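> Numbering (our numbering), first residue to last: 4 to 95.
For each residue, glycine too, the CB sits at the ideal point set by N, CA and C.
It should be emphasised that the depicted structure is a prediction, and the values quoted were computed from it without experimental measurement.
Now the structure itself:
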């Protein structure tokens, strides 16, 4: 796949997330196992399952990983959170 094609796929995924965002995140976090509760506590929470995001890899269901992008805020700071992630051992 060419670099231009990869960048186009990334742009499509980012656009799908931006469409659901209420504000532009200032902080991004990738949560590990056991930290999913943090994403559930965000104010103005909007969760997007990985499978609903164009060109976004979908986890094979690792326990403790919700497999969603969560937009919200902590205090006055808008954040984006990966609640779950794709692992090397999942064939990615």
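Look up residue 9 in the DSSP assignment and say whether it is helix, strand or coil.
If DSSP states are grouped into helix, strand and coil, residue 9 belongs with the helices.
> For residue 18, which of 77, 60 and 56 has the nearest alpha-carbon?
Of the listed residues, the one whose Cα sits closest to residue 18 is 56.
> Can you give me the start and stop residues for the alpha helix (DSSP H) that residue 46 sits inside?
Careful: residue 46 lies outside any alpha helix (DSSP H), inside the beta strand (DSSP E) at 46 to 52.
> Nearest-angstrom Cα distance between residue 37 and residue 86?
Taking the straight line from one Cα to the other gives about 10 Å.
> Would you mind stating whether residue 61 and residue 70 have Cβ atoms separated by less than 8 Å?
Yes, the pair counts as a contact, with Cβ atoms nearer than the cut-off.
> Tell me the DSSP secondary structure of residue 78 in three-state form.
Residue state, collapsed to three classes: coil.
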